Amino acid sequence: MKQHLKGILDSYRQEDAHYDEVFQTSGEPKEHYRSIVETFNQFSLTDFERINNDVKTSFFNQGITFAVYAEDKKPDERIFPFDLFPRIIPSQEWMQLERGVIQRNKAINYFLDDLYHKKLILKDKIVPADLIFSSKNYLKEMVDFKPEGGIYTHISGTDLIKHTDGQYYILEDNLRCPSGVSYVLSNRVALKKSLFDLFTKLKTKTIYQYPEELLEILKSVKPKNTEVPTIVVVTPGMYNSAYFEHSFLAQKMGIPLVEGRDLFVEKNFVYMKTIFGPTRVDVIYRRVDDEFIDPLCFRKDSMLGVPGLMNAYRAGNVTLANAPGTGVADDKAVYHYVPDIIKYYLNEEPILNNVLTYHCEKESECKYVLENIDQLVVKPVDESGGYGITIGTTLTREQIEEVKVRIKSNPRKYIAQPIMSLSVHATFIEESKEFEPRHIDLRTFCLMGKDKEYILKGGLTRVALKKGNLIVNSSQGGGSKDTWVLD
Amino acid sequence: MLSRVANNLYWMGRYIERAEHFARYSRVQYFSSLDAPILKTYDRNFVLESILYMAGIFDMENITEKDVLFKIGLDLQNSNSIISNITFARENARGARNAISTDLWESINKYYHLVTSYPQDTYLSTGFYDFTQLILDQTSILSSKIYGTLMHDGEWAIILIGMYIERVIQIIRIINSKLHDIYKIEQAGHSVTEMSFEWTTMLRCMEAFDMNKKFYRTIPNREQVMEFLLLNPHCPRSIAYSLNGIRRYEEKISRNESRDSNTISFKIGKLVEQFRYLSFDEYKDDIYGLLNNTQDKVIEIGSEFEKKYLSF
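Quick mapping for you: the protein sequence lines, in order, are chains P and X. With this note's numbering as the guide, the letters of the first sequence map in order to residues 13 to 499. With this note's numbering as the guide, the letters of the second sequence map in order to residues 131 to 442.
So, in structure tokens, the structure goes:
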């Protein structure tokens, strides 16, 4: 069939340098996007803008917002930008991804168990011991402690990108409190309401069961001697930028959303303060970082934590998800070793590619990095949210020198990677009122419990809305798309 | 239910109710004052003063009519303004986000955004009526969501206890304020019809004019209005009705508490029964006394309730 592009995707201009998810080089849509492109092309710009605005209003009323505070003014609330053009992953492609993500997260869980017990992988010199023991995320409080069911990373978020070669690469692992799943679920609801016709053209896998699956996972790791566990979500509070997600998940699971101040520990048991007195808590899905969860153990100035929580945890009276101390494995310097970690514990070849990574800690690699900063992405190993990242091609000569100084002063803190070219996806740009190519990545969500695992079909496609920008984090002006895995 | 969440729900209820009474009162007072007989004796400042009194503002120096409207409606610096009350209601709802239904949350959030994005110029020039109507309409939506989308158990009861406690307090404040106006007019010697205008205004402040008319079928006068707004158990904005509400929902929380005279249930029960077996003749000479005494008791019940359940 000859394709005549008419309508709102008409003006879409492809960029040769990047892998386009939607269109072939001929300009025709790829097979799995064909019916979606046709549907979009039936809209006039006016219709499309109206739908776009309705969706924004709906996000606004649902409270899927973040606040920008200014003095003497009421906080300015903004929505996280959502693009109506869904990202589509064909079934075969997804199956490969899914297997790869599960494989990776299983190996990481074995790795954590080993690091906090026998440390065989260090003794066998697969991973340098220095790398682990110098990490501030390696918690001595976790040594020789076995979490219920042997699970450390109940929830992990694995970030992937697609390079110009059309292959997926792992960008990073998020093993502490990965966020974003509420946007995945809200985006789907929004798209169903606004463009329901799309769903009659293609069959996508459902994602609505995520909160139920999460609840099952949390139940599966209840402490021994508990019949029906009381499970709660712990949030730092409503001024936290991810509060929407915390309340969303608690509500969808039908469990209380509590703050540190709502809990207390007595005789190594955790209780929450209810209107009828104390109620015991058995499983905590905590969205508070390690260093804040217990002022007696970690940061003493933490107002978000519960004094004595680590003791109750180590006594086996409460389960924390994720386990404390998982951050040691999502350190960007450890990332490089994950393929070896997979081979070591599972005796399998890694299914998903790692991006080539240089460790500034190693002298020879550091030398290479310092000489080629203009061609590399340099990342601090222990930051998240896209902070501290520099992209070689965008730097001035002075900036390059600054980066060099930073690296030399603390080589352990930095890794470098070749600049990966994230694939692009047609995205509606409000300023130009046109669809334009924008870089995207994918965060997958993988759940692990006692003899259970679940992976959300799809994930969060984040899109860098600024032209040419490679950083997709919402804190850096990123938006998101609904992600479809075809049935 | 967490005590903190219960606290959020209780105050959410109170702020929703407060904003509604405040909006209705200001609107009725403002619009009825435009052609009120009271203007024969007093200037418009008299009316503006009584509106500001409800907003907790007592300083009237160099204040213009637009200032008054702004202060009661859209002034975020005034913690008693309508916009502030709704902001507080929404913040409390946000803190209890997972204890309420998505439907209720979205309605409160939408309400908040409608109010905070209301154009100030329109409000001050032609929008005052429309703005207060928005408050009343949105409150109706919230009431229906509270009744229709929550389990009728703990959380629900706590919201309603907050609403009814606030309602008694606001009814008493409004009656006090209007009695003060009426007293001044009586002093100036007005006719019966002119007086009925003020009694009608008082009823309208409670959305009770139609009900009152249907019940008594005559022009409103002191005895009727004071009997109706204080004692009528079927008028949803009478003191007796609201006290019944507090009792009904408090019982859902306290369950089968013993008959100890120190309990909250006991105190509420006593107050409810006092109003049930009261006649106008018994308090006609000291209405203020009865109102103030009742207000004190309800405030005491409120703080005991907070202490017992909301501040673990």
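Backbone N, C-alpha and C define an ideal beta-carbon position, used for all residues, glycine too. The structure presented is a predicted model; accordingly, all values stated were derived computationally and were not measured.
Next on the checklist: For the beta strand (DSSP E) containing P:Glu271, name the first residue and the last one.
Outcome noted: Taking the first residue of the first sequence as position 1, residue 271 of chain P is located at position 259. Looking at the DSSP string, the run of the beta strand (DSSP E) that includes P:Glu271 is 269-271.
ask   = P:Ser191 and P:Ala254 look like a contact to me (Cβ under 8 Å); what is the Cβ gap, rounded to whole Å?
value = Within the first sequence, numbered from 1, the residue matching residue 191 of chain P stands at position 179. Within the first sequence, numbered from 1, the residue matching residue 254 of chain P stands at position 242. Confirmed, about 5 Å.
query: Can you name the start and end residues of the beta strand (DSSP E) that P:Asn186 belongs to?
result: By 1-based counting over the first sequence, the position of residue 186 of chain P is 174. 180-186 is the extent of the beta strand (DSSP E) around P:Asn186.
Checklist entry - Can you name the start and end residues of the beta strand (DSSP E) that P:Asp453 belongs to? => result Taking the first residue of the first sequence as 1, we reach residue 453 of chain P at position 441. P:Asp453 -> beta strand (DSSP E) spans 446-461.
ask   = For P:Glu303, does the three-state DSSP call read helix, strand or coil?
value = Taking the first sequence and counting its residues from 1, one reaches residue 303 of chain P at position 291. Helix.
Check: Hey, would you say X:Ser307 sits closer than 8 Å to X:Ser433, going by beta carbons?
Finding: Reading the second sequence from its first residue, position 177 is the one you call residue 307 of chain X. Reading the second sequence from its first residue, position 303 is the one you call residue 433 of chain X. No, these two residues do not count as a Cβ contact at 8 Å.
What does the Cβ neighbour count give for X:Lys344, buried or exposed, with the cut at 16 atoms within 10 Å? Counted from its first residue, the second sequence places residue 344 of chain X at position 214. Flag for X:Lys344 reads exposed.
Please check if any C-beta of chain P sits within less than 8 Å of the C-beta of X:Trp235.
As a first step, residue 235 of chain X must be located in the second sequence, where it is residue number 105. Yes, X:Trp235 lies at the interface with chain P (some Cβ there is under 8 Å from its Cβ).
Complete alpha helix (DSSP H) runs within the segment 275-340 of chain X (minimum length 4 residues, chain order): 284-317, 322-335
If P:Leu203 and P:Asp494 are in contact, beta carbons under 8 Å, what's the gap, nearest whole angstrom? Within the first sequence, residue 203 of chain P is the residue found at index 191, counting from 1. Within the first sequence, residue 494 of chain P is the residue found at index 482, counting from 1. Confirmed, Cβ separation roughly 5 Å.
For the alpha helix (DSSP H) that P:Glu175 lies in, which residues bound it at each end?
-> Here residue 175 of chain P corresponds to residue number 163 of the first sequence, with the count starting at 1. For the sequence presented, residue 175 of chain P should be read as His rather than Glu. No alpha helix (DSSP H) holds P:His175; DSSP gives it neither H nor E.
Exercise for review: Return yes when the Cβ of P:Asn366 is within less than 8 Å of the Cβ of P:Ile182, no when it is not.
Suggested key: As a position in the first sequence, residue 182 of chain P is number 170, starting the count at 1. As a position in the first sequence, residue 366 of chain P is number 354, starting the count at 1. Yes; because the gap between Cβ atoms is below 8 Å, this pair is in contact.
Requested in this report: Rank P:Tyr150, P:Leu109, P:Gly400 by C-alpha distance to the C-alpha of P:His129 and give the top, closest one.
Outcome: The residue you call residue 129 of chain P lines up with position 117 of the first sequence. Closest option to P:His129, Cα to Cα, is P:Tyr150.
message: Just to make sure I have the definition right: I need the residues of chain X whose C-beta is within less than 7 Å of the C-beta of P:Ala262. Which are they?
response: To locate residue 262 of chain P, count along the first sequence from 1; it is residue 250. Asn228, listed in chain order.
**Asked** To the nearest whole angstrom, what separates the beta carbons of P:Thr473 and P:Gly169, a pair I think is in contact under 8 Å?
**Response** On the first sequence, position 461 is the one that residue 473 of chain P refers to. On the first sequence, position 157 is the one that residue 169 of chain P refers to. Their Cβ separation, rounded to whole angstroms, is 13 Å, which puts P:Thr473 and P:Gly169 out of contact at 8 Å.
Neighbour list for X:Thr252 in chain P, Cβ cutoff strictly below 9 Å:
As a first step, residue 252 of chain X must be located in the second sequence, where it is residue number 122. The contacting residues do not exist; X:Thr252 stays about 18 Å from chain P at best.
Exercise for the section: Leaving out five residues on either side along the sequence, give the residues of the same chain with a beta carbon under 8 Å from the beta carbon of P:Gln26. Expected result: Residue 26 of chain P sits at position 14 when you count from the first residue of the first sequence. Taken in chain order, the residues that qualify are Asp32, Phe35, Thr37, Gly39, Pro449.
Does chain X have any CB closer than 8 Å to the CB of P:Ser259? Your numbering for residue 259 of chain P matches position 247 in the first sequence. Yes - at least one Cβ of chain X is within 8 Å of the one on P:Ser259.
Task: Cβ shell of X:Phe442 (< 6 Å), same chain only, five flanking positions each side left out - done: Here residue 442 of chain X is taken as the residue at index 312 of the second sequence, counted from 1. Only Ser133 meet the Cβ criterion.
| Continuous alpha helix (DSSP H) stretch holding P:Met265: start and end | Taking the first residue of the first sequence as 1, we reach residue 265 of chain P at position 253. It spans 255-265 - the alpha helix (DSSP H) in which P:Met265 sits, taken as one unbroken run.
Under 7 Å from the C-beta of P:Leu183: neighbouring residues of chain X | Taking the first sequence and counting its residues from 1, the one referred to as residue 183 of chain P is at position 171. Chain X residues near P:Leu183: none, gap ~32 Å exceeds 7 Å.
* To do: Using alpha carbons as the reference points, say which of P:Ile467, P:Ile48, P:Leu57 lies closest to P:Phe211.
  => Indexing the first sequence from 1 puts residue 211 of chain P at position 199. Minimum Cα distance to P:Phe211 is reached at P:Ile48.
- Grab the span of the alpha helix (DSSP H) containing P:Tyr347 for me, first residue to last. Position 335 of the first sequence, counting from 1, holds the residue named residue 347 of chain P. First-last of the alpha helix (DSSP H) with P:Tyr347: 344-347.
Comparing C-alpha positions only, which one of P:Leu269, P:Ala79, P:Ser232 sits nearest to P:Leu459? Sequence index remark: in the first sequence, residue 459 of chain P carries index 447 (1-based). Answer by Cα proximity: P:Ser232.
Quiz item: When the cut-off is 8 Å and only beta carbons count, does X:Gly225 lie next to chain C?
Solution: Of the protein chains in this structure, namely P and X, none is chain C.
In whole angstroms, what separates the C-alpha of X:Val245 from that of X:Phe200?
-> Reading the second sequence from its first residue, position 115 is the one you call residue 245 of chain X. Reading the second sequence from its first residue, position 70 is the one you call residue 200 of chain X. So the two alpha carbons sit approximately 13 Å from each other.
* P:Ile401 beta carbon less than 8 Å from that of P:Ile483 -> For the purposes of this step, residue 483 of chain P is taken as the residue at position 471 of the first sequence. For the purposes of this step, residue 401 of chain P is taken as the residue at position 389 of the first sequence. Their beta carbons are under 8 Å apart, which means P:Ile483 touches P:Ile401 by this criterion.
Span separating the alpha-carbon of P:Ser146 from that of P:Ser56
To locate residue 146 of chain P, count along the first sequence from 1; it is residue 134. To locate residue 56 of chain P, count along the first sequence from 1; it is residue 44. Roughly 58 Å separates the two Cα atoms.
is_contact[X:Leu389, chain P] using C-beta, thresh 8 Å: Numbered from 1 along the second sequence, position 259 holds the residue referred to as residue 389 of chain X. The amino acid occupying residue 389 of chain X in the given sequence is Arg; Leu does not appear at that position. For X:Arg389, the answer is no, since every Cβ of chain P falls outside 8 Å of its Cβ.
Exercise. In chain X, what lies closer than 7 Å to P:Asp274 by C-beta?
Worked result: Looking up residue 274 of chain P in the first sequence gives position 262. Result: Leu132, Arg134.
Length of the line joining the Cα atoms of P:Lys148 and P:Phe72:
What you label residue 148 of chain P is simply residue 136 of the first sequence in a count that begins at 1. What you label residue 72 of chain P is simply residue 60 of the first sequence in a count that begins at 1. The straight-line gap from Cα to Cα measures roughly 39 Å.
Task: Length of the line joining the Cα atoms of P:Glu375 and P:Lys462 - done: Residue 375 of chain P sits at position 363 when you count from the first residue of the first sequence. Residue 462 of chain P sits at position 450 when you count from the first residue of the first sequence. Their backbone Cα atoms lie some 42 Å apart in a straight line.
Original post:
Does the beta-carbon distance from P:Ile427 to P:Gly404 come in below 8 Å?
Top reply: Numbered from 1 along the first sequence, position 415 holds the residue referred to as residue 427 of chain P. Numbered from 1 along the first sequence, position 392 holds the residue referred to as residue 404 of chain P. No.
- prompt: Can you tell me whether DSSP reads P:Asp88 as helix, strand or coil?
  reply: Taking the first residue of the first sequence as position 1, residue 88 of chain P is located at position 76. Strand at P:Asp88.
Q) For the candidate residues P:Tyr122, P:Tyr251, P:Asp59, P:Asp274, whose alpha-carbon lies nearest to that of P:Lys357? A) Counting from 1 along the first sequence, the entry for residue 357 of chain P is found at position 345. Correcting the residue type first, residue 357 of chain P is Tyr in the shown sequence and not Lys. It is P:Tyr122.
Checklist entry - Can you name the residues of chain X whose CB is closer than 7 Å to the CB of P:Gln221? => result Stepping through the first sequence from its first residue, residue 221 of chain P is reached at position 209. Going along chain X, no residue has its Cβ under 7 Å from P:Gln221, so there is no contact; the nearest lies around 17 Å.
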